[in-house]
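K.L.:
Let me give you the structure first, and then I'll get to my questions.
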Amino acid sequence: VLGMGIPTIPNYIITSSIAAPALLDLGVPLIVSHMFVFYFGIMADLTPPVALAAFAAAPIARESGLKIGVRAVQIAIAGFVVPYMAVYAPELMLQGGKGLAATAYVVFKALLAVTLWGTAVVGYFRSAMNAIERVLAFAAASLLVVALPISDEAGFALAAAVIAWHLWRSRRLAPVIS
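For our numbering, add 41 to where a residue sits in the sequence shown, where the first one is 1.
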């Protein structure tokens, strides 16, 4: 709400002066808290009811701005998770001082979670996903976002199972080219 319809620089000034101190009080590192509020302030241009980007695209696409905004949010919903992952794992923003291996691990986990979340929402990963695959992909992504070691293990295992099952099923259903 704070960043609705405001250009980038005023958006950052307003959101960082109002919301970032609250995150700092919760123990979130300075750069992560500022990136968190800035990210969501900018995402206001994508989300209805303001959706400046969607309403700017509407005349070009000859479609309703609200319809484009809703579809844009559906496609970008996985991106809404990234700031929360940065709060839970500051290594995603090169903070925390745990080294290159920890950063690579968190980046891989984030990429996998965003991919799974996107495929769950859109319903497609090399081929159409059924409802069970979508729910399991969403569950695996959710487990990867939570910053608990046991949830990482469960998330990776479930992700591997969903991906393997879906690839096996999609190959089985693929037409044979002769």
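Heads up, the beta-carbon is just placed ideally off N, CA and C, and yes, glycines get one too.
I'd like the span of the alpha helix (DSSP H) that includes MET121, first residue to last.
P.N.:
First, the residue type needs correcting, since residue 121 is Phe and not Met in the sequence shown. Per DSSP, PHE121 belongs to no alpha helix (DSSP H) and is neither H nor E.
K.L.:
Which runs of the alpha helix (DSSP H) fall wholly inside the stretch 107 to 192 and span at least 4 residues, in chain order?
P.N.:
The stretch 107 to 192 contains these whole alpha helix (DSSP H) runs: 123 to 129, 141 to 163 and 172 to 186.
K.L.:
Between which two residues does the alpha helix (DSSP H) harbouring PRO70 extend?
P.N.:
It is not in any alpha helix (DSSP H) - PRO70 carries neither H nor E in the DSSP assignment.
K.L.:
Quick one, which of GLY196, ALA99 and SER192 has its alpha-carbon nearest THR156's?
P.N.:
THR156 has its Cα closest to that of GLY196, out of GLY196, ALA99 and SER192.
K.L.:
Could you pull out every residue in the same chain whose Cβ sits closer than 7 Å to the Cβ of ILE72, ignoring the five residues on either side in sequence?
P.N.:
So the qualifying residues of the chain are MET134 and GLN136.
K.L.:
If you count every other CB in all the chains shown that lies within 10 Å of the CB of SER58, and 16 or more means buried, which is it?
P.N.:
So SER58 counts as exposed.
K.L.:
With a CB to CB cut of under 6 Å and the five nearest residues on each side skipped, what residues in its chain are close to ALA113?
P.N.:
Taken in chain order, the residues that qualify are LEU87 and ALA95.
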